[in-house]
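In the working numbering, the protein residues as written are 153 to 595.
We put the CB at the ideal spot given by N, CA and C, even for glycine.
Note that the structure is a prediction, hence the values are computed from the model and not measured.
Below is one structure, written out as structure tokens, with a few remarks after it.
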Ligand SMILES: *Cc1c(COP(=O)(O)O)cnc(C)c1O
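Have a look at this one:
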């Protein structure tokens, strides 16, 4: 029995998929205690867009620490915070013609979502918030009420109110524009749905299965919001910071959300950090109304600014993400065509991609097999049916190719075995007999 089995709560999740003891990481690579190397296609669920321990930020962080820069400062003005705000304005907001004020919440995505929902309700005086099927916005109660997943919702232990679910883009099939339904519902005083304070949406649903909304759908959603004077909140916690090929995931569609939540990769170095971007006239908070001890992580201000300086001073990084994203899409399409019996499909945008294997068991066999071959990769979606490709954006071409080769080989092996295997047999017992050295690595 390991120390983790003995003393760490059963709530562990990723640790179950990747049962190793990790102790070192660099860029897109992770190493376990035994020195085995893994390619990281999970990247902290989108927190490590710039890789593990990025040298460009590490030096600045170490320098800041050695100079006794402020570590904790509640929400005091610090030099590090000021420099981040300046860089964010210069490198991100100004070039995109965006006008927001920034609120630093407790350093988790869910706390940024809580603040966004609270502000929207206070400003509009309405309680209801529209969220979407398969949406994921965090697991604290307010955010959880807008999250779709029944496994997470079921753990709440209280009723989750104040939110109505609407069908996301594509939920009712390809030809159906679900914003038309939203429009109808909001315009009908007998629809049973109260006029909401806000709509909260991910432009690409990360945990929900890499469902990408089309630019047209997002534009329609924005115009429905404007029509009924409902605030539009984009939750860019996972899709933001370059993942889709632009800094914000909504840039391609040209929409201008009223409120944007950011976290995960915003801190740059994997440090806890969260921010709400607020249209200036909506910033009607009274001092300390939404507070927190860890508002604005000063280490993260330093590394977040470094990320903006190093990667977002021009459009080279964005172009590189788009290039790699197209390659990923091509490779996934090949895999779907070669092994999926016509059932597999690809999804996503930029370097936020997925392969829908339809069957969650099959997808998890594929990811376990890939891990045995040195590729850390997870599934997402309602039934964990989508293999989620979420590698660091800074990954080298060679390692991107290598990771996809490992994935392709895993799919080929699993799908080939699957079709010859009698229904009842325990697949992994059989694999252990055939390839003992591969499964040994994973345990
Ligand atoms: C991860 C995530 C959250 C929650 O962030 P935490 O830091 O886990 O609380 C919220 N929204 C989206 C879209 C996410 O991907």
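Checklist entry - What span of residues does the beta strand (DSSP E) with residue 539 cover, start to end? => result Translated into positions along the chain shown, residue 539 becomes position 387. Here the beta strand (DSSP E) through residue 539 covers 538-541.
Checklist entry - Quick one: what does DSSP say residue 387 is sitting in, helix, strand or coil? => result For this step, residue 387 is matched to residue 235 along the chain shown. Here residue 387 sits in strand by DSSP.
Checklist entry - Once you ignore the five residues that flank residue 478 on each side, which residues in its own chain have a CB closer than 7 Å to its CB? => result Indexing the chain shown from 1 puts residue 478 at position 326. Hits under 7 Å: none found.
Checklist entry - Going by Cα to Cα distance, which pick from 167, 565, 522 and 453 is closest to residue 229? => result Counting from one through the chain shown, the residue named residue 229 turns up at place 77. It is 453 whose Cα lies nearest to the Cα of residue 229.
Item to check | Sufficient close CB pairs (3 or more, under 8 Å) joining the stretch 427-442 to the stretch 494-512 | outcome: no
Checklist entry - Is residue 596 near ligand 1, judged by its Cβ being under 7 Å from some heavy atom? => result Residue coverage of the chain in this structure runs from 153 to 595, which leaves residue 596 outside it and unanswerable.
Next on the checklist: Extract the residue ranges of the alpha helix (DSSP H) inside the stretch 296-334, only unbroken runs of 4 or more that lie entirely within it.
Outcome noted: 302-306
Next on the checklist: Quick check on the burial criterion: 16 or more other C-beta atoms within 10 angstroms. Buried or exposed for residue 289?
Outcome noted: On the chain shown, position 137 is the one that residue 289 refers to. By the 10 Å Cβ count, residue 289 comes out buried.
Checklist entry - Whole-angstrom Cβ separation of residue 179 and residue 544, contact assumed at under 8 Å? => result Looking up residue 179 in the chain shown gives position 27. Looking up residue 544 in the chain shown gives position 392. Yes, they are in contact, since the Cβ atoms of residue 179 and residue 544 sit about 6 Å apart, within 8 Å.
Checklist entry - Straight-line CA distance for residue 350 to residue 385? => result Here residue 350 is taken as the residue at index 198 of the chain shown, counted from 1. Here residue 385 is taken as the residue at index 233 of the chain shown, counted from 1. The straight-line gap from Cα to Cα measures roughly 7 Å.
Item to check | Whole-Å CB distance - residue 539 paired with residue 529, under 8 Å assumed | outcome: Along the chain shown, one-based indexing puts residue 539 at 387. Along the chain shown, one-based indexing puts residue 529 at 377. The pair is a contact, with the Cβ atoms about 6 Å apart (cut-off 8 Å).
Next on the checklist: Here's the rule I'm using: 16 or more other beta-carbon atoms within 10 Å means buried, otherwise exposed. How should residue 423 be labelled?
Outcome noted: Taking the chain shown and counting its residues from 1, the one referred to as residue 423 is at position 271. Flag for residue 423 reads buried.
Checklist entry - Which same chain residues, not among the five before or five after residue 365, have their C-beta less than 6 Å away from its C-beta? => result Against the chain shown, residue 365 aligns to sequence position 213. Correct list, in chain order: 321 and 355.
Checklist entry - Whole-angstrom Cβ separation of residue 558 and residue 526, contact assumed at under 8 Å? => result The sequence position of residue 558 within the chain shown is 406, counting from 1. The sequence position of residue 526 within the chain shown is 374, counting from 1. Confirmed, Cβ separation roughly 6 Å.
Next on the checklist: Whole angstroms are fine: how far does the CA of residue 531 sit from the CA of residue 507?
Outcome noted: Locating residue 507 in the chain shown gives position 355, where the first residue counts as 1. Locating residue 531 in the chain shown gives position 379, where the first residue counts as 1. Taking the straight line joining both Cα atoms gives about 9 Å.
Next on the checklist: Taking 7 Å as the cut-off, is the C-beta of residue 425 nearer than that to any heavy atom in ligand 2?
Outcome noted: Here the bound small molecules are ligand 1; ligand 2 is not part of this structure.
Item to check | Per-residue DSSP class, three states only, for residue 500 | outcome: In the chain shown, the residue the question calls residue 500 occupies position 348. Three-state DSSP puts residue 500 in a strand.
Next on the checklist: Could you check whether the Cβ of residue 285 sits closer than 7 Å to any heavy atom belonging to ligand 1?
Outcome noted: The residue labelled residue 285 in the question sits at position 133 within the chain shown. Checking the Cβ of residue 285 against ligand 1 gives no.
Checklist entry - For ligand 1, any of its heavy atoms closer than 7 Å to the Cβ of residue 482? => result Locating residue 482 in the chain shown gives position 330, where the first residue counts as 1. No, Cβ of residue 482 sits at least 7 Å from all heavy atoms of ligand 1.
Item to check | C-beta atoms of residue 447 and residue 480 nearer than 8 Å | outcome: To locate residue 447, count along the chain shown from 1; it is residue 295. To locate residue 480, count along the chain shown from 1; it is residue 328. Contact flag unset, no.
Checklist entry - Out of curiosity, what's the CA-to-CA distance linking residue 467 and residue 310? => result For the purposes of this step, residue 467 is taken as the residue at position 315 of the chain shown. For the purposes of this step, residue 310 is taken as the residue at position 158 of the chain shown. Those two C-alpha atoms are separated by around 46 Å.
Checklist entry - Cα separation between residue 342 and residue 336? => result Against the chain shown, residue 342 aligns to sequence position 190. Against the chain shown, residue 336 aligns to sequence position 184. Taking the straight line joining both Cα atoms gives about 11 Å.
Checklist entry - Using CA coordinates, which residue listed in 264, 157 and 254 is at the minimum distance from residue 390? => result Here residue 390 refers to the residue found at position 238 of the chain shown. It is 264 whose Cα lies nearest to the Cα of residue 390.
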